[in-house]
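Worksheet: the structure to be examined is printed underneath.
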Amino acid sequence: MFPPQFLSLIEMLVFNSIICDRCCHRKYSLGKTIGILGSVFVFLLALVLLFRPVFSVGDGRLAFLGFAFLIPLRYLYKENGLLLFTIMCTCWLYTFGIFALSQQIAGVLSANPVLLTVCINSMLLLASAYPFFKWFVPMYIFIFRNIPSFDTYRYKYLSLNICFNFVLLLILHNVFIREEESILKILTLILLVTANYLYYFILYRIVQDTLKMDRLEYAAFHDPLTGLGNRSMLWEHLKQLLKENQTFSLLFIDLDRFKEINDKYGHLTGDWYLKHYAEICSGLVRGKGQAYRFGGDEFLIIYQDTEPEALLNQLRTCPKWGDDAPCPFNQASAGMLLCRPPHQSADRILQQADRFMYQNKQQKANKISPS
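By full-length UniProt numbering, the letter at position 106 of the sequence shown is numbered 106, and the numbering carries on one by one without gaps.
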């Protein structure tokens with residue numbers, strides 16, 4: 001005869017599989033995923049029935065057997081093993097928490113609680129499914145997709161915390177089933193499960209607020225058109241270099257006749273012109289310095305490598321402009337200042353670099369002016 005308590009196991013595994021599928025990215029079709037997971041489930045169920053005396057105690061051993069699903073999940077989904085393990089622990093916190101609660105409620109209400117446990121477990125799972133999938137699962141997905149973007153260690157700590165909470169639930173359940181059921185134990189389980197999911201809500205708000213602050217910080221230190229660092233970031237970088245007494249080159253660039261581009265081709269092309277030049281600047285100094293948009297058609301580069309003169313010539317003529325550009329490159333005027341300690345003030349350094357750039361622009365103007 002099929003043990004009634006195994007019906008709860010089937011329900012828990014079905015719910016856990018649905019949660020995993022909602023939280024992860026499938027590698028294959030839904031049909032293939034269901035087929036493989038179903039085959040693993042049939043195999044595990046046959047194993048449970050074969051060793052029925054071992055798994056029919058109701059102390060949570062079946063939950064550990066459920067972690068065998070990690071093997072096919074690792075094959076079927078794109079997420080790494082740690083994330084899959086964390087998601088599985090969270091699934092079991094939900095489904096096994098309801099099962100433990102159902103067992104305590106059934107023990108209080110009936111002297112023969114096995115069948116009543118199955119009924120209560122089904123009712124609680126169905127009653128909580130809608131709010132769980134509507135509110136908690138999206139919040140959970142948001143947390144795990146965004147935490148690694150700003151702190152890998154917090155991501156690992158979160159995984160460890162979830163694992164500990166699941167182990168704590170198993171220990172409490174094992175302690176509780178060895179004694180007589182009581183209202184106090186029911187309240188303890190309710191508080192434990194509620195506190196765990198309240199923790200997720202608090203963490204969700206923290207991650208959400210942190211991402212907002214990151215976006216604000218990015219906007220405060222980056223130019224919205226080109227994506228380069230803006231004047232505020234330039235000042236911070238320059239002050240840091242001066243504080244550390246580092247040697248560097250400062251290149252001040254002004255695009256020649258940029259107004260002609262706007263007048264002749266339109267302002268949208270002018271924006272493209274600035275963005276394309278910014279991309280070229282970033283590519284030329286990548287790993288050796290950093291490019292900034294100082295304002296308008298002016299750019300500034302902090303360069304920390306040898307031979308800045310070769311870079312200066314490329315920035316002026318821009319040989320990588322490309323034939324597919326919607327308009328030709330009008331060249332640029334640039335001034336370079338080699339900065340060695342002891343340094344002058346940041347204002348003074350920028351003024352000198354600006355003056356050298358202006359001298360270069362005047363020399364060009366004199367060459368093309370009529371005699």
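A virtual CB, placed ideally from N, CA and C, is assigned to each residue, including glycine.
Does DSSP classify E307 as helix, strand or coil? coil
Measuring alpha carbon to alpha carbon, tell me which of K259, G283, L350, R293 ends up nearest residue 402. Because residue 402 is not part of the residues shown, which for the chain are 1 to 371, the question remains open.
What's the gap between the Cα of N262 and the Cα of E244? 41 angstroms
Taking one C-beta from the region 19-27 and one from the region 76-93 each time, how about it: are there three or more such pairs within less than 8 angstroms? yes
Mark R355 as exposed unless 16 or more other C-beta atoms lie within 10 angstroms of its C-beta, in which case mark it buried. exposed
Per DSSP, which one or two residues make a beta bridge with Y292? G229, L300
Beta-carbon gap between E309 and I253 smaller than 8 angstroms: no
Should M123 be labelled buried (16 or more other beta-carbon atoms within 10 Å of its own) or exposed? exposed
So, helix, strand or coil for S249, using DSSP? strand
Within 10 Å of its beta-carbon, does K185 have 16 or more other beta-carbons around it, so buried, or fewer, so exposed? buried
Between the alpha carbons of N121 and Y155, how many angstroms are there, rounded? 32 angstroms
Is the beta carbon of V48 less than 8 angstroms from the beta carbon of I143? no
A334 beta carbon less than 8 angstroms from that of L312: yes
Collapsed DSSP secondary structure at A334 in the structure displayed: strand
Helix, strand or coil for R26 per DSSP? strand
Which partner residues does Y77 have in the DSSP bridge list? R26
Span of the alpha helix (DSSP H) holding N321? Per the sequence shown, residue 321 should be read as Trp rather than Asn. Neither: W321 is in no alpha helix (DSSP H) and is coded neither H nor E.
Among all the DSSP beta bridges, which residues are the ones paired with H222? G229
Helix, strand or coil: which one does DSSP assign to C339? strand
Note down, one range per segment and in chain order, each alpha helix (DSSP H) of at least 4 residues found wholly within the region 177-202. none
Can you tell me where the alpha helix (DSSP H) with D271 in it begins and where it stops? 267-285
CA nearest to the CA of V175, picked from Q103, E236, Q352, N360: Q103
Please work out which residues of its chain come closer than 7 angstroms, Cβ to Cβ, to F329, disregarding the five sequence neighbours upstream and downstream, and give them in chain order. C318, W321
Sorted by chain position, which residues of the same chain lie with C-beta nearer than 7 angstroms to K239's C-beta, five sequence neighbours on each side aside? A346
If you run the structure through DSSP and keep just helix, strand and coil, what is D254? strand
Where do the ends of the alpha helix (DSSP H) carrying N112 lie? Segment: none, N112 is in no alpha helix (DSSP H) and carries neither H nor E.
Close beta carbons around F294, own chain, < 8 angstroms, minus the five adjacent residues each side: R231, L234, F252, L300
Please go through the same chain and pick out, in chain order, the residues whose beta-carbon is closer than 7 angstroms to the beta-carbon of F166, but skip the five residues on each side of it. C89, W92, L93
Could you compute how far the alpha carbon of Y265 sits from the alpha carbon of L37? 59 angstroms
When the Cα atoms are used, what is the spatial distance from I177 to F221? 58 angstroms
In or out: L216 buried (at least 16 other Cβ within 10 Å) or exposed? exposed
On the criterion of 16 or more Cβ atoms from any shown chain inside 10 Å, does P224 qualify as buried, or is it exposed? exposed
Selection from G97, D256, I34, Q304 that minimises the alpha carbon distance to M357: D256
Look at the alpha carbon of F132 and the alpha carbon of H237, and state the distance between them as a whole number of angstroms. 47 angstroms
Under the three-state reduction of DSSP, which class applies to E236: helix, strand or coil? helix
Helix, strand or coil at E260 according to DSSP, with G and I counted as helix: helix
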